[in-house]
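Q:
Number of protein chains: 2
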Amino acid sequence: MDKVKTYKSDAFAAIHETMSGMYDAGVIGKKTMRQFDEACLTPVQAFSPTEIKALREREEVSQTVFALYMNVSKDSVSQWERGIKKPAGPTLKLLSLVKQKGLAAIS
Amino acid sequence: MDKVKTYKSDAFAAIHETMSGMYDAGVIGKKTMRQFDEACLTPVQAFSPTEIKALREREEVSQTVFALYMNVSKDSVSQWERGIKKPAGPTLKLLSLVKQKGLAAIS
DNA sequence: TTTTAATATCGAACCAAGTTCTATATCTTT
DNA sequence: AAAGATATAGAACTTGGTTCGATATTAAAA
Chain A
1 MDKVKTYKSD AFAAIHETMS GMYDAGVIGK KTMRQFDEAC LTPVQAFSPT
51 EIKALREREE VSQTVFALYM NVSKDSVSQW ERGIKKPAGP TLKLLSLVKQ
101 KGLAAIS
Chain B
1001 MDKVKTYKSD AFAAIHETMS GMYDAGVIGK KTMRQFDEAC LTPVQAFSPT
1051 EIKALREREE VSQTVFALYM NVSKDSVSQW ERGIKKPAGP TLKLLSLVKQ
1101 KGLAAIS
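Residue numbers (our numbering), protein chains in the order written: chain A, 1 to 107; chain B, 1001 to 1107.
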């Protein structure tokens, strides 16, 4: 698969554990801890209807299957792709994960 | 991190690609394809307020940091843990991913 | 000590995402 | 010809997620 992304995740996890240890030991404060986590997070951007459809077709799945992965109804996926409903919050997070890591990342 | 889970994901991805190839070649139908995908998906169960708080504390992050990972407001996390709002759909999917693979899975 | 900042609870109000339903249409499969 | 998968369309409903202000505790910095 994508070794780079997997490596990055593992590295972040390892660093996070180290940082957590430093936090437990009182070396750093909670403020530093939060700022670190913010820097680690992959940015979550907006998706246009076309981008959502293109993303789904890139993964070669039907709206129904895509909906199963996202844990939403098939109608919701249809409405996203037609611009009737605009995904936000947790939904955008999932879409971002799929875009950056593929469907397998949320399987 | 967790080699077993990583392996499972990679294996599923590989099998999925194989299945996709079979589908493209006309060996299998869409129905079989969907049933396969359903079998691959990790089950998404409900979370009680206590379970959400325990999960967050297991990951050793504040409500604010946890909210950043989930791409929701910090108030939402607080409301989940107090039982005022019950996460559903995409949110439950993210919580399930965190429970099974850790916060790094959605970073 | 004082004060600043982070953390978390509480209650209220608003908006829109997500759900559900029915109907229609196309295409493939049996 | 029939059955099923896929996708669009529109409508009504429910509730999750957001935002705001206020309060309280704790830890860090002045």
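Each residue gets a CB set at the ideal place from its N, CA and C atoms; glycine is no exception.
Buried or exposed: B:Ile-1084, going by 16 or more other Cβ atoms within 10 Å of its Cβ?
A: exposed
Q: Less than 7 Å between the C-beta atoms of B:Arg-1082 and B:Phe-1066, yes or no?
A: no
Q: Are the C-beta of A:Leu-41 and some C-beta of chain B separated by less than 7 Å?
A: yes
Q: Given a threshold of 16 other Cβ atoms within 10 Å of its Cβ, counted over all protein chains shown, does B:Pro-1043 qualify as buried or as exposed?
A: exposed
Q: Check each residue of the region 39-73 of chain A: if its Cβ is closer than 8 Å to any Cβ of chain B, include it; give the result in chain order.
A: Cys-40, Leu-41, Thr-42, Val-44, Glu-60, Val-61, Ser-62, Thr-64, Val-65, Leu-68, Tyr-69, Met-70, Asn-71 and Val-72
Q: Can you say whether B:Ser-1096 is buried or exposed, counting buried as having 16 or more other CB atoms within 10 angstroms of its CB?
A: buried
Q: Which class does B:Ala-1046 belong to by DSSP, given the choice of helix, strand or coil?
A: Looking at B:Ala-1046 - three-state DSSP - the assignment turns out to be coil, as it is neither helix nor strand.
Q: Am I right that A:Asn-71 and B:Lys-1093 are in contact with their C-beta atoms under 8 Å? What's the rounded C-beta distance?
A: 4 Å
Q: Mapping DSSP to helix, strand and coil, what is A:Val-77?
A: helix
Q: Considering only C-alpha positions, which residue in the set B:Ser-1073, B:Gln-1079, B:Ala-1104 and B:Ala-1105 is nearest to B:Phe-1047?
A: B:Gln-1079
Q: Between the alpha carbons of A:Cys-40 and B:Ser-1107, how many angstroms are there, rounded?
A: 7 Å
Q: Does A:Lys-93 come within less than 7 Å of chain B when only Cβ atoms are used?
A: Cβ-Cβ to chain B under 7 Å: yes for A:Lys-93.
Q: For A:Ser-107, would you say it is in contact with chain B, using Cβ-to-Cβ distances shorter than 7 Å as the test?
A: Yes, its Cβ sits closer than 7 Å to a Cβ of chain B.
Q: So the alpha helix (DSSP H) A:Pro-87 belongs to, where does it begin and stop?
A: That residue, A:Pro-87, is in no alpha helix (DSSP H); it is neither H nor E in DSSP.
Q: Grouping DSSP H, G and I as helix and E and B as strand, with all else coil, what is A:Val-61?
A: coil
Q: Pull up the distance between the alpha-carbon of A:Glu-51 and that of B:Pro-1090, whole angstroms please.
A: 19 Å
Q: Using 10 angstroms around the beta-carbon of A:Ala-105, count the other beta-carbons present and answer buried if the total reaches 16, otherwise exposed.
A: Buried, by the Cβ-count rule.
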